[in-house]
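> Mapping to this note's numbering: the sequence shown position 465 is 791, numbers consecutive.
From the three backbone atoms N, C-alpha and C, an ideal C-beta is built for every residue, glycine too.
What you are looking at is a predicted structure, and each value in this text was computed from that prediction instead of being measured.
Submitted below is the structure of interest, expressed as structure tokens.
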Amino acid sequence: MKNKLLTAEGVKETEQAAFAAGLSEKVLMERGGEGVVEVILSSFSPCPTVIVCGLGKNGGEGKVVARLLKEKGWAVDIITLENFPLYETIEALLNQAGLVVDALLGTGLTRPLGEDLLKLITMINSSAKPVVSIDIPTGIETNSGASVGECIRATATVTFFRGRTGHYLLPGRVYRGELFVKDLGIPESFLPPLTPRLNCPSLWNDFLKEPQPLDHKYSRGPCLIIATGCMPGAIKLASLAARRGGAGLVRVICKREEYPLFATTAGGEIITPVESAEEFLKWVEDKHFCALLCGTGTYTHHSTREQALTVLLTKKPCVLDGGALSSFAGRTSELTSHLHEKVILTPHEGEFLRLFPHLAFLNNKAEKALKAAAEVGAIIVLKGYDTVIASPEGQLIINENAPATLATAGTGDVLAGLITSLLAQEIPPLKAAAAAVWMHGEAASYKGLGLIAEDLLGEIPTVLRLLSERRGW
């Protein structure tokens with residue numbers, strides 16, 4: 327599957343399998359260089375080209391590119407780290423160049439960059455010339471996408487066999503420019519057994535439910551949303567998202583004194599006031615409700631934590647969001663002792679660090695999410711432009727379709743409601759989370775500038791219709 331991604335370790339493991347099967351490093355290097363030249367010829371007119379080459383395989387591919395471009399009549403100059411020229415010479419070459427090819431480090435970055443290399447990167451970026459990076463821009467770490475000091479700002483990146491996780495995590499996703507993945511003739515069977523995935527419908531689309539003639543509202547995933555001590559607007563967004571996502575019924579329970587706040591804006595969701603812990607327990611245990619949402623728009627308070635624990639004790643599929651997460655700051659072990667495999671946690675970066683301060687030292691978003699998921703035994707959806715979904719078993723899904731316009735109030739409430747809706751329709755938790763995250767990003771992409779959270783709700787049916795057409799309903 328083309329949505330499989332590789333880490334630096336995965337690249338090494340795949341290459342070793344290829345070598346063991348008789349493919350030589352020289353052949354792979356030649357094929358890699360050919361792939362880079364294909365991209366250059368299709369994207370740029372002939373122009374003076376400077377190729378900066380490192381000492382390893384990435385530099386070898388750069389030299390293949392130089393040879394092939396020269397055969398096509400291109401004027402090519404090579405700068406190598408083994409014979410580093412004067413900075414004045416480099417500056418002169420960059421000034422006359424129309425294109426720069428970055429073949430310095432690629433996947434091999436394992437340590438901080440040296441002073442000469444940092445200066446070279448700065449000169450390349452300052453030249454404002456288009457840059458094609460081979461494998462990954464120099465200065466970007468393959469696994470995390472993090473910048474190790476300075477990094478190349480590439481116009482395009484050409485990688486091989488499969489994309490790298492660092493191509494899709496920030497800031498690597500921004501600095502790699504347009505990404506091209508070229509085939510090297512390596513069989514898919516050489517991939518490591520547990521590889522990260524890029525989020526796409528092929529992972530989960532077959533699990534989305536087709537409405538049946540005999541369905542009724544209680545057979546189509548009824549949801550219960552806990553709204554005690556929270557912001558009504560957030561609950562409105564979450565409940566509408568759950569309904570748009572296919573839930574046959576959404577009930578919102580709130581405190582008696584809060585009932586007027588919710589009742590005046592209610593639509594098809596049912597608003598139910600509760601007056602006691604016993605009544606609260608009755609609703610969360612009600613067998614009609616297939617999934618629960620707790621914490622969206624909720625203020626951080628000890629009562630929020632108590633409600634979340636009550637929800638978790640039902641062992642039903644549930645989503646913990648917002649205040650339900652922050653209420654366990656400093657008490658992560660208490661939360662962990664109540665979690666189970668049908669729970670999805672949906673923190674943004676701040677909420678995540680309140681729950682897992684001991685993971686703050688990691689600069690790899692994917693690694694943080696995986697460690698947290700393994701620690702607590704639940705699905706983690708670590709939100710952002712590069713949302714990652716991690717399972718306790720080590721499965722990792724990286725989302726790439728979310729536009730930057732989603733960085734606005736209320737969009738997280740919509741996502742929480744959508745995940746809950748899919749959970750209630752008995753979609754496995756990891757797939758429900760991945761599907762909702764993708765649908766959320768897709769819906770946002772239809773609107774463009776000026777997007778507000780409410781806009782997403784009207785686009786969800788369009789996304790569902792397109793997905794149903796792919797399934798051939």
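Check residue 778 in the structure and name its three-state DSSP category.
Residue numbering aside, residue 778 sits at position 452 when the sequence shown is read from its first letter. Coil, per DSSP.
> In whole angstroms, what is the alpha-carbon distance linking residue 628 and residue 653?
On the sequence shown, residue 628 is found 302 positions in, with the first residue counted as 1. On the sequence shown, residue 653 is found 327 positions in, with the first residue counted as 1. So the two alpha carbons sit approximately 7 Å from each other.
> Return helix, strand or coil for residue 731, following the three-state DSSP convention.
Your numbering for residue 731 matches position 405 in the sequence shown. Residue 731 falls in the helix class under three-state DSSP.
> Quick one, which of 746, 667, 631, 643 has its alpha-carbon nearest residue 658's?
Here residue 658 refers to the residue found at position 332 when the sequence shown is read from its first residue. When only C-alpha atoms are compared, the closest one is 631.
> Spell out a yes or no on whether the stretch 394–413 and the stretch 530–550 are touching, meaning 3 or more CB-CB pairs, one atom from each, closer than 8 Å.
As far as the Cβ criterion goes, the stretch 394–413 does not touch the stretch 530–550, which means the pair count is below three.
> If distances are taken between C-alpha atoms only, which option among 743, 764, 679, 666 comes closest to residue 712?
For the purposes of this step, residue 712 is taken as the residue at position 386 of the sequence shown. Checked all of 743, 764, 679, 666; the closest Cα to residue 712 is 764.
> One question on the structure: do residue 358 and residue 510 come within less than 9 Å of each other, judged by their Cβ atoms?
Stepping through the sequence shown from its first residue, residue 358 is reached at position 32. Stepping through the sequence shown from its first residue, residue 510 is reached at position 184. Yes.
> In whole angstroms, what is the alpha-carbon distance linking residue 466 and residue 592?
The residue given as residue 466 occupies position 140 in the sequence shown. The residue given as residue 592 occupies position 266 in the sequence shown. Their Cα atoms are separated by approximately 49 Å.
> Can you tell me the Cα-Cα spacing of residue 417 and residue 353, whole angstroms?
What you label residue 417 is simply residue 91 of the sequence shown in a count that begins at 1. What you label residue 353 is simply residue 27 of the sequence shown in a count that begins at 1. Using only the alpha carbons, I get a separation of about 33 Å.
> Which residue marks the beginning of the beta strand (DSSP E) containing residue 377, and which one marks its end?
Working through the sequence shown from its first residue, we reach residue 377 at position 51. Per DSSP, residue 377 belongs to the beta strand (DSSP E) from 375–379.
> Got a sec, what are the start and stop residues for the alpha helix (DSSP H) residue 337 sits in?
The residue you call residue 337 lines up with position 11 of the sequence shown. 334–346 is the span of the alpha helix (DSSP H), which, as asked, contains residue 337.
> Can you list, in chain order, the residues of its chain with a C-beta nearer than 7 Å to that of residue 339? Leave out the 5 residues immediately preceding and following it.
In the sequence shown, the residue the question calls residue 339 occupies position 13. Excluding sequence neighbours, residue 339 sits near 518.
> Could you check if residue 792 is buried or exposed, using at least 16 other CB atoms within 10 Å of its CB as the buried criterion?
Counting from 1 along the sequence shown, the entry for residue 792 is found at position 466. Residue 792 comes out exposed.
> What does the alpha-carbon distance come out to for the pair residue 799 and residue 751?
Against the sequence shown, residue 799 aligns to sequence position 473. Against the sequence shown, residue 751 aligns to sequence position 425. Caution is warranted here: a pLDDT of 45 is assigned to residue 799, below 50, making its placement in the model unreliable, and no coordinate value can be reported.
> Does the stretch 497–504 come close enough to the stretch 464–482 that 3 or more CB-CB pairs lie under 8 Å?
The stretch 464–482 vs the stretch 497–504: in contact.
> Rounded to whole angstroms, what is the Cα-Cα separation between residue 582 and residue 602?
Your numbering for residue 582 matches position 256 in the sequence shown. Your numbering for residue 602 matches position 276 in the sequence shown. Those two C-alpha atoms are separated by around 10 Å.
> According to DSSP, is residue 645 part of a helix, a strand, or is it coil?
The sequence position of residue 645 within the sequence shown is 319, counting from 1. DSSP places residue 645 in strand when its eight states are reduced to three.
> Helix or strand or just coil, what does DSSP make of residue 504?
By 1-based counting over the sequence shown, the position of residue 504 is 178. Looking at residue 504 - three-state DSSP - the assignment turns out to be strand.
> May I ask which residues mark the beginning and end of the alpha helix (DSSP H) holding residue 715?
The count along the sequence shown starts at 1 and reaches residue 715 at position 389. Careful: residue 715 lies outside any alpha helix (DSSP H), inside the beta strand (DSSP E) at 714–716.
> Tell me the DSSP secondary structure of residue 543 in three-state form.
Taking the sequence shown and counting its residues from 1, one reaches residue 543 at position 217. In this structure, residue 543 counts as coil in the three-state DSSP scheme.
> Using the three-state DSSP reduction, which class does residue 330 fall into: helix, strand or coil?
Locating residue 330 in the sequence shown gives position 4, counting from the first residue. The answer is strand: DSSP assigns residue 330 an E or B state.
> Could you tell me if residue 757 is buried or exposed, where buried requires 16 or more neighbouring beta carbons within 10 angstroms of its beta carbon?
The residue given as residue 757 occupies position 431 in the sequence shown. The residue is buried, with at least 16 neighbouring Cβ atoms inside 10 Å.
> Do residue 655 and residue 624 have their C-beta atoms within less than 9 Å of each other?
Mapped onto the sequence shown, residue 655 falls at position 329. Mapped onto the sequence shown, residue 624 falls at position 298. Contact flag unset, no.
> If we ignore side chains and look at the alpha-carbon of each, how far apart do residue 689 and residue 528 end up?
Counting from 1 along the sequence shown, the entry for residue 689 is found at position 363. Counting from 1 along the sequence shown, the entry for residue 528 is found at position 202. Near 29 Å, if we compare the C-alpha coordinates of residue 528 and residue 689.
> Cα separation between residue 719 and residue 748?
Along the sequence shown, read from residue 1 onward, the residue named residue 719 stands at position 393. Along the sequence shown, read from residue 1 onward, the residue named residue 748 stands at position 422. The alpha-carbon atoms of residue 719 and residue 748 are separated by roughly 21 Å.
> How far does the beta strand (DSSP E) with residue 532 in it extend, from its first residue to its last?
On the sequence shown, residue 532 is found 206 positions in, with the first residue counted as 1. Here residue 532 belongs to no beta strand (DSSP E), and DSSP marks it neither H nor E.
> Is any heavy atom of the ligand ATP found at a distance shorter than 8 Å from the C-beta of residue 750?
This structure simply doesn't include the ligand ATP, nor any ligand for that matter.
> What residue does the alpha helix (DSSP H) around residue 697 start on, and which one ends it?
Indexing the sequence shown from 1 puts residue 697 at position 371. Residue 697 -> alpha helix (DSSP H) spans 691–702.
> Determine, using beta carbons only, whether residue 775 and residue 731 come nearer to each other than 9 Å.
Along the sequence shown, read from residue 1 onward, the residue named residue 775 stands at position 449. Along the sequence shown, read from residue 1 onward, the residue named residue 731 stands at position 405. Yes, the pair counts as a contact, with Cβ atoms nearer than the cut-off.
> Throw me the rounded Cβ distance for the residue 563 and residue 779 pair, which I believe falls under 8 Å.
The sequence position of residue 563 within the sequence shown is 237, counting from 1. The sequence position of residue 779 within the sequence shown is 453, counting from 1. Right, their Cβ atoms sit about 6 Å apart.
> Spatial neighbours of residue 640 within its chain, please: CB distance less than 6 Å, with the 5 preceding and 5 following residues excluded, ordered by chain position.
Counted from its first residue, the sequence shown places residue 640 at position 314. Excluding positions up to five away in sequence, the list reads 610, 611.
> When you compare only the Cα positions, how much space is there between residue 381 and residue 460?
What you label residue 381 is simply residue 55 of the sequence shown in a count that begins at 1. What you label residue 460 is simply residue 134 of the sequence shown in a count that begins at 1. For residue 381 and residue 460, the distance between alpha carbons rounds to 14 Å.
> Can you tell me whether DSSP reads residue 653 as helix, strand or coil?
The residue given as residue 653 occupies position 327 in the sequence shown. Residue 653 falls in the coil class under three-state DSSP.
> Could you work out which residue in 558, 575, 571, 336 is closest to residue 584 when comparing CA atoms only?
Counting from one through the sequence shown, the residue named residue 584 turns up at place 258. Measuring from the Cα of residue 584, the nearest candidate turns out to be 558.
> Report buried or exposed for residue 633, applying the criterion of at least 16 other Cβ atoms within 10 angstroms of its Cβ.
The sequence position of residue 633 within the sequence shown is 307, counting from 1. Counting Cβ neighbours within 10 Å, residue 633 comes out buried, since at least 16 surround it.
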